[in-house]
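Numbering (this note's numbering), first residue to last: 1019 to 1248.
All C-beta atoms, glycine included, are put in the ideal place defined by N, C-alpha and C.
Read the structure below first, then the notes.
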């Protein structure tokens, strides 16, 4: 051992000398590399710590937002309520519609569907205040007081007829279709051809809504109003 210790000491001194020389020559590069390594490790630790402490977001509704799930029951409830109003309206006026069909040849399903659509199942202001269930307007400029009323603006074209009761409105609607030349082609159709009647009313300009015929047909089929046609 006594012989080897000087040899080991000499080798250690030689190696240390080389390391010292390298450090002295490249101390700036080594220091910069050490600093960059330190910053990188610190950044990774910070990011990992933040990720681990943040509360995770749980989407219990899958891809759908929570607001949509909360709104859906209200929409269903509203549809159910409106359906009940429509069914009550049909029960109230089904016999009137059948009587008008027998007298004037207008399908009961069309009368019921137009009444439902134009009066919002009897809830519209025109229906509740004027007993006007078909949106019949007044175009006269010399009508007597109480004959019509305005619901939109000062234009007389927006004045709607007033009736003493709902039945008068139903009869006025039948007379208007029967006596107005623009609707005469409809009476060449079969009385159970509700689709032909719906499309014919739209083409004749009964309403400005481009989807008027489709809405009538949808009401007739959803509520099975065709069952009232004679």
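- Contact between the segment 1126-1143 and the segment 1099-1114 is established, with three or more Cβ pairs separated by less than 8 Å.
- Per the coordinates, the alpha-carbon of residue 1130 lies some 7 Å from the alpha-carbon of residue 1112.
- Inter-residue distance for residue 1181 and residue 1133 is about 15 Å (C-alpha atoms, whole angstroms).
- Ranked by Cα distance from residue 1243, the options 1109, 1144, 1186 are led by 1109.
- Counting only residues of its own chain and dropping the five nearest sequence neighbours on each side, residue 1149 has a CB closer than 8 Å to the CB of 1180, 1181, 1182, 1183, 1184, 1186, 1187.
- Rounded to the nearest whole angstrom, the CA to CA distance from residue 1146 to residue 1155 is 15 Å.
- Under the 10 Å beta carbon count, residue 1153 is surrounded by 16 or more other beta carbons and is classified as buried.
- By alpha-carbon distance to residue 1212, the top candidate from 1238, 1135, 1114 is 1238.
- Collapsing the DSSP output to three states places residue 1122 in a helix.
- If you ignore the 5 residues before and after residue 1209, its C-beta comes within less than 7 Å of the C-beta of 1119, 1123, 1125, 1247, 1248, all in its own chain and listed in chain order.
- Setting aside the 5 residues that flank it on each side, residue 1215 is surrounded in the same chain by 1125, 1128, 1204, 1207, each with a C-beta closer than 7 Å to its C-beta; the list follows chain order.
- Selection 1220, 1230, 1143 evaluated against residue 1177 yields 1143 as nearest (Cα-Cα).
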